[in-house]
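Q: One structure follows; several queries about it will come next.
In UniProt numbering, the protein residues as written are 1 to 450.
Put into structure tokens, the structure is as follows:
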């Protein structure tokens, strides 16, 4: 079993036991590279996620003028060029499968006087970019792209930045940390103050890290409780020494694996526990999970803890829609947990999942049904009637799950296969390298430690 195997079988086996670490937080890794490239001087980054998505960001920042090297000690050293001093890239920026790289870089470049073309793989090229190009267009950037489903602009896409960009006040029409971050990054090199109004809180890594690098940024609440995030433009960023915590989105997989696999106990160390990212763990605890959060501390301005997960009898719950932004990437594996719970789990407000690397609602509903779960797919969520902890599947061979090149779908069903009758087959595990290199090795280690 390897991360790059096609038609990989995942089946029941020994309980999962042991202690593991997970790759560095992907959201923080992207931002660490981008902001370091805009600081004057050398920044050092430890624990950077070295998956394909983050490496795409590193390659793009090199193409834009930053010097980026990985030392033999695993520390990444970035010599930045300063806000406003990025250079014209000689070739198209290859984004691979990374929507975060694409949308944040569009924001970064919107207030620079250069032209850049973004290209990506087949999956990324289907993802809508209009939610980012709309506010950046208000700031003066221009975009020429491919027309996608519903008329939204998609990759390949060419943008022309502008100096000076127009500072704007923009109210997010949908909860999206990527859109928020793109506008804030554009505001770094725009004169005056750029504001983003966020009715529903999303992950706040950009705000924390922009402040940490020296930008003047304030967060206030309006009378309705919406967050008003203001950034002062023409900023000067200072180089930093950063430690990237483990990605909670990656920690979700060994945690859920332990919860649904009889006899298991798994510890995941050094996991980022930013409140805007920890919704999954709160919801699992609400389902009755034996999930302990220990050794809580702060690393580089981010809360961090160790997680201890033990096999548990889970109970279905109704997930409040306002929790969705804090666990949006973890819903696929949460659905796996729900399929093993006693009773019904209801989710709603998850329209965002239809425009990720795939239509994650449709794929999870289809795949879970294929292995015997009872799933009702609704427009903005799933209703899942769980098995009460019993293995899924009918035992008549291992069904093949089409993950449609979506790394989180592939890993979620890999975890589901651990508590099935007869296992299941993932059609292609290669996309897992985008966010969790070594995923298969981690599972093998936990099984071998039993």
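Just so you know, even glycine gets a beta-carbon here, dropped at the ideal spot from N, CA and C.
(1) Please work out which residues of its chain come closer than 7 Å, Cβ to Cβ, to residue 60, disregarding the five sequence neighbours upstream and downstream, and give them in chain order.
(2) Could you please give me the residues that DSSP links to residue 219 through a beta bridge?
(3) Are there 16 or more other CB atoms within 10 angstroms of the CB of residue 397, so buried, or fewer, so exposed?
(4) Candidates 150, 297, 213, 253: which alpha carbon is nearest residue 331's?
(5) Which residue comes first and which comes last in the beta strand (DSSP E) that contains residue 79?
(6) For residue 195, does the count of other Cβ atoms within 10 angstroms reach 16, so buried, or fall short, so exposed?
(7) Can you give me the start and stop residues for the beta strand (DSSP E) that residue 19 sits inside?
(8) Pick from 57, 278, 410: whose alpha carbon is nearest that of residue 336?
(9) Do you know how far the Cα of residue 208 is from the Cα of residue 218?
(10) Taking only the alpha-carbon atoms, compute the straight-line gap between residue 403 and residue 321 and give it to the nearest angstrom.
(11) From residue 226 to residue 165, what does the alpha carbon distance come to, in whole angstroms?
(12) Take residue 11 and list the residues in its own chain whose beta-carbon comes closer than 8 Å to its own, dropping the five residues that flank it on each side.
(13) Kindly indicate the opening and closing residues of the beta strand (DSSP E) around residue 242.
(14) Can at least three beta-carbon pairs, one atom from the stretch 18-27 and one from the stretch 238-257, be found at a separation below 8 Å?
(15) If you compare alpha carbons, which of 116, 150, 89, 139 is closest to residue 128?
(16) Assuming residue 434 and residue 97 are in contact, meaning their beta carbons sit under 8 Å apart, how far apart are those beta carbons, in whole angstroms?
(17) Drop a sphere of 10 angstroms on the beta-carbon of residue 294, count the other beta-carbons inside from all chains shown, and report buried for 16 or more, exposed for fewer.
(18) Using only the alpha-carbon positions, how far apart do residue 273 and residue 304 sit?
(19) Taking all protein chains shown into account, do 16 or more other C-beta atoms lie within 10 angstroms of the C-beta of residue 275, making it buried, or fewer, making it exposed?
(20) Would you call residue 41 buried or exposed, if buried means 16 or more other Cβ atoms sit within 10 Å of its Cβ?
(21) In terms of residues, what are the limits of the alpha helix (DSSP H) holding residue 315?
(22) Between the stretch 322-329 and the stretch 276-288, do at least 3 Cβ pairs fall closer than 8 Å?
(23) Only counting runs of 4 or more residues, tell me where the alpha helix (DSSP H) segments fall wholly within the stretch 10-57, in order along the chain.
(24) Thinking just about the alpha-carbon of each residue, which of 309, 286, 287 is nearest to the one in residue 271?
(25) Under a three-way DSSP split, which group does residue 409 fall into?
(26) So what does residue 118 bridge to, in DSSP terms?
(27) From 74, 341, 257, pick the residue whose C-alpha is nearest to that of residue 18; which is it?
(28) Is it true that the stretch 177-187 meets the stretch 105-116, where meeting means three or more beta-carbon pairs spaced less than 8 Å apart?
(29) When you compare only the Cα positions, how much space is there between residue 77 and residue 48?
(30) From the DSSP output, in three-state form, read off residue 351 for me.
(31) How big is the Cα-Cα spacing for residue 212 and residue 187?
A: So, to answer that:
(1) Within the same chain, residue 60 has close Cβ partners 93, 101, 105.
(2) DSSP output for residue 219 lists 229 as bridge partner(s).
(3) Burial call: exposed.
(4) Out of 150, 297, 213, 253, the CA that lies nearest to the CA of residue 331 is found in 253.
(5) 76-80 is the span of the beta strand (DSSP E), which, as asked, contains residue 79.
(6) By the neighbour-count definition (other C-beta atoms within 10 Å, threshold 16), residue 195 is a buried residue.
(7) Boundaries of the beta strand (DSSP E) around residue 19: 17-21.
(8) The option with the nearest alpha carbon to residue 336 is 410.
(9) The straight-line gap separating the alpha-carbon atoms of residue 218 and residue 208 is approximately 10 Å.
(10) Residue 321 has its alpha-carbon roughly 25 Å from the corresponding atom of residue 403.
(11) Their Cα atoms are separated by approximately 25 Å.
(12) Its chain contains 398, 417, 418, 420, 422, 423, 424 as the residues whose beta carbon lies nearer than 8 Å to that of residue 11, once the 5 sequence neighbours on both sides are disregarded; these appear in chain order.
(13) Note, residue 242: beta strand (DSSP E), 241-243.
(14) Taking 8 Å as the limit for Cβ pairs, the verdict is that the stretch 238-257 does touch the stretch 18-27.
(15) Of the residues 116, 150, 89, 139, the one whose Cα lies closest to the Cα of residue 128 is 150.
(16) With a Cβ gap of about 5 Å, residue 434 and residue 97 count as contacting.
(17) Residue 294 should be labelled exposed.
(18) The straight-line gap from Cα to Cα measures roughly 5 Å.
(19) Around the C-beta of residue 275, fewer than 16 other C-beta atoms lie within 10 Å, and the residue is accordingly described as exposed.
(20) Flag for residue 41 reads exposed.
(21) Segment: none, residue 315 is in no alpha helix (DSSP H) and carries neither H nor E.
(22) In short, these stretches touch, since the Cβ pair count reaches three.
(23) Segments of the alpha helix (DSSP H) lying fully in the stretch 10-57: 26-38.
(24) Of the listed residues, the one whose Cα sits closest to residue 271 is 309.
(25) Helix at residue 409.
(26) Paired residues: 93, 157.
(27) The shortest C-alpha separation from residue 18 is found at 257.
(28) The answer is yes - the stretch 105-116 touches the stretch 177-187, with three or more Cβ pairs under 8 Å.
(29) The C-alpha of residue 48 is placed about 11 Å away from the C-alpha of residue 77.
(30) Here DSSP, grouped into helix, strand and coil, assigns residue 351 to helix.
(31) Going by the C-alpha atoms only, they are around 16 Å apart.
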